[in-house]
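To start, the structure under review is shown below, and the notes come after it.
Numbering (this note's numbering), first residue to last: -7 to 319.
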């Protein structure tokens, strides 16, 4: 029997070994790549889990903040209810008939925030229109007052305190010229004043004090920023009950000039007012004399002229008129 040559035999063995090693390397390489894909997928899944965890954590924090806010609000309401209960149980000093004390109790929140009672004559069937101006005073206010004087027109000014302090001198002008000075909030910040009844009262105490200190006049009318349909219905209902208990009356409007939008033109304002006042009894017209309302100022002469020629008399609001209210 012949023996294979040594070199060819070694070559065969070497080829076999290389084949086995190549197969092992290929298998290991595939396994390594598979592990890389799995690791990448794990990283992605981990990233998604982290995002979900952060989202759930943020939601949980928001809920915790909300619950804490509600606890504070309930605590605040409970304290107010307790305070009011104490007030009802305390005997009040008798007052002379017809008198109206502003300070009901030293322990009551905002004890000076009370409206004076008016003894004004009841208005009769004359054709009236009630122009109202929100968000002033501003540099436009004296020009508005001059135009009103030209038509012997009286109006109502629902004033805002914040950012209008430099125009405080016009508050007395409004009163001295026979117009009604009313309140529209100090801050005009919906998120702030509609948080609770107490937040509203705190804000209105500021604007009330500002007006009284500047003029010596105690306003008895007010208008909700955005109207009485703004804010939480539960909170607004509580505000109305408390403000009316204090002698205040709120007014909405039944004719809008549309000048709340900066895109409204002078002609739009004239048309909106003059075409709509005839559709309602005792039209209460919403206008603005705040900063930037130049289109309103430009429209006012035509509004006064057209309505005057149509037989309207311009009156200011008071507590004897049936108030226009959305609720």
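Built from N, CA and C at the ideal position, the CB exists for glycine as well.
Query: Exposed or buried, residue 225, counting other C-beta atoms within 10 Å across all chains shown (16 or more means buried)?; Result: exposed
Query: Tell me which residues share the same chain as residue 162 and place their Cβ nearer than 7 Å to its Cβ, disregarding the 5 neighbours each side in the sequence.; Result: 129, 133 and 134
Query: Within 8 Å, do at least three Cβ pairs link the region 276 to 287 to the region 194 to 214?; Result: no
Query: Going by other Cβ atoms of all chains shown within 10 Å of its Cβ, with 16 needed for buried, is residue 18 buried or exposed?; Result: exposed
Query: Can you list, in chain order, the residues of its chain whose CB lies under 6 Å from that of residue 179, leaving out five sequence neighbours each side?; Result: 154 and 195
Query: Under 6 Å Cβ to Cβ from residue 16, same chain only, skipping five residues before and after it: list those, please.; Result: none
Query: Can you tell me the Cα-Cα spacing of residue 121 and residue 101, whole angstroms?; Result: 37 Å
Query: Is the beta carbon of residue 167 less than 8 Å from the beta carbon of residue 106?; Result: no
Query: To the nearest angstrom, how far is the alpha carbon of residue 301 from that of residue 143?; Result: 11 Å
Query: Give the single residue among 242, 313 and 251 whose Cα lies nearest to the Cα of residue 175.; Result: 242
Query: Taking C-alpha atoms, which residue in 140, 238 and 222 lies nearest to residue 294?; Result: 140
Query: What are the boundary residues of the alpha helix (DSSP H) that includes residue 256?; Result: First-last for residue 256: undefined, no H or E at that position.
Query: Work out the CA separation of residue 245 and residue 317 for me, nearest whole Å.; Result: 7 Å
Query: Helix, strand or coil for residue 309? Go by DSSP, reduced to three states.; Result: coil
Query: Within the continuous beta strand (DSSP E) that includes residue 186, where are the two ends?; Result: Premise fails: residue 186 is in no beta strand (DSSP E) and is neither H nor E.
Query: If you reduce the DSSP assignment to three classes, tell me which class residue 228 lands in.; Result: helix
Query: Identify whether residue 8 lies in helix, strand or coil by the three-state DSSP scheme.; Result: helix
Query: Express the C-alpha separation of residue 254 and residue 289 in angstroms, rounding to a whole number.; Result: 13 Å
Query: Are residue 207 and residue 177 closer than 8 Å when you measure CB to CB?; Result: no
Query: Can you tell which of 240, 298 and 238 has the C-alpha that lies nearest to the C-alpha of residue 265?; Result: 298
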